[in-house]
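Undergrad: Input: one structure, supplied below.
In full-length UniProt numbering, the protein residues as written are 1 to 140.
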């Protein structure tokens, strides 16, 4: 799944370079759009009592992004277990990778108590499981 947007001025530092923490925000954009493309948006998940708190983040910065760059973020599901999911991300300008990384999210109820997704929502669990990309590293 790919999402596209332009770098906003507020996302840059005094040098005109995108501030590092914005990449994690962009990961959220990619993840949200990927889930939406699979038929599940965050609002719906929260309404049914499912939360996806971030429990791990990694970002590797390759090249800077600048104000008004047209950015694409590619997102995929790397791993799914009954208690967590791992998403992979690549941030591009044209064909150049600017950053890549991943986030890991636990499955919890609205009180942040861990749950087994395969029992809580088998439909979502199976959709996530069936959309794991096994050759992500090969697709660079």
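Every residue, glycine too, gets a C-beta built ideally from N, C-alpha and C.
Name the DSSP beta bridge partners of residue 103, please?
TA: Answer by DSSP bridge pairing, in chain order: 57 and 87.
Undergrad: Using three-state DSSP, classify residue 48 as helix, strand or coil.
TA: Here residue 48 sits in coil by DSSP.
Undergrad: Distance check for residue 118 and residue 45, CA to CA, integer angstroms please.
TA: When rounded, the distance between both Cα atoms is 14 Å.
Undergrad: Which residues in the same chain have their Cβ closer than 8 Å to the Cβ of residue 48, if we skip the five residues on either side of it in sequence?
TA: Cβ within range, chain order: 121.
Undergrad: Could you tell me the distance, in whole angstroms, from the CA atom of residue 137 to the CA atom of residue 79?
TA: Using only the alpha carbons, I get a separation of about 13 Å.
Undergrad: What is the DSSP secondary structure of residue 67, counted as helix, strand or coil?
TA: Coil, per DSSP.
Undergrad: Please list, in chain order, all residues of the same chain as residue 61 whose beta carbon is under 8 Å from its beta carbon, the five residues on each side excluded.
TA: The answer, listed in chain order, is 20, 23, 98 and 99.
Undergrad: Report the partner residues of residue 3 according to the DSSP bridge assignment.
TA: For residue 3, which the question treats as bridged, DSSP gives the partners 73.
Undergrad: With C-beta atoms as the reference, is residue 146 less than 9 Å away from residue 73?
TA: Given a span of 1 to 140 for the chain in the structure shown, any question on residue 146 remains unanswerable.
Undergrad: Mapping the DSSP letters down to three states, classify residue 17 as helix, strand or coil.
TA: Residue 17: strand per DSSP, three-state reduction.
Undergrad: According to DSSP, simplified to helix, strand and coil, what is residue 127?
TA: DSSP places residue 127 in helix when its eight states are reduced to three.
Undergrad: Where does residue 8 sit, in a helix, a strand or coil, going by DSSP?
TA: Note: residue 8 maps to coil in three-state DSSP.
Undergrad: Within the same chain, show all residues whose beta-carbon is closer than 7 Å to that of residue 116, passing over the 5 residues directly before and after it, in chain order.
TA: Around residue 116: 82 and 83.
Undergrad: Count the other CB atoms within 10 Å of the CB of residue 39; is the residue buried (16 or more) or exposed (fewer)?
TA: Its Cβ having fewer than 16 others within 10 Å, residue 39 is exposed.
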